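Data block below; observations after.
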Amino acid sequence: MKVKNVVIVLSIGINIVLGVSFYNETAKKDPVDVGLAFKEAVRVEDYSLARTLIAEGRNEQIPEHILEKVHEIMSPGASFHTYELLAFDNGERCCFS
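Numbering (our numbering), first residue to last: -16 to 80.
Below is the structure:
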């Protein structure tokens, strides 16, 4: 009876670990998700959330009055673009939007 209980507990534990691992892997944010979240945070004037979405090391370069200015000029049709940069071994680079 004890062996059966141990197998059940181990099975449940493994399922929980795999489930959390799978969720974390699929919930990663790509640049578009981060851009949309940043735009929404600034739109609703949640500057502390907007700061969490700015790359580390850049927070100090963007003071809150800049975020307030972005909020002031933001319109409902505001958009953003992301770019992919490919760098090849031969030094060539190309960019896709």
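We treat Cβ as the ideally placed atom computed from N, Cα and C, and that holds for glycine. On a predicted model such as this, the values are computed, not experimentally measured, just so you know.
Residue i, enclosing beta strand (DSSP E) - first and last residue
i, result
"residue 70", "67 to 70"
Length of the line joining the Cα atoms of residue i and residue j
i, j, result
"residue 58", "residue -5", "49 Å"
"residue 71", "residue 37", "28 Å"
"residue -15", "residue -7", "12 Å"
"residue 7", "residue 14", "17 Å"
Classification of residue i by the beta-carbon crowding that lies within 10 angstroms, buried from 16 upward
i, result
"residue 33", "buried"
"residue 50", "buried"
"residue 21", "buried"
Beta-carbon proximity list for residue i, same chain, < 8 Å, skipping 5 on both sides
i, result
"residue 54", "25, 26, 28"
Residue i - containing alpha helix (DSSP H), residue span
i, result
"residue 48", "47 to 56"
"residue -2", "-15 to 9"
7 Å Cβ shell around residue i - same chain, five flanking residues per side excluded
i, result
"residue 42", "34"
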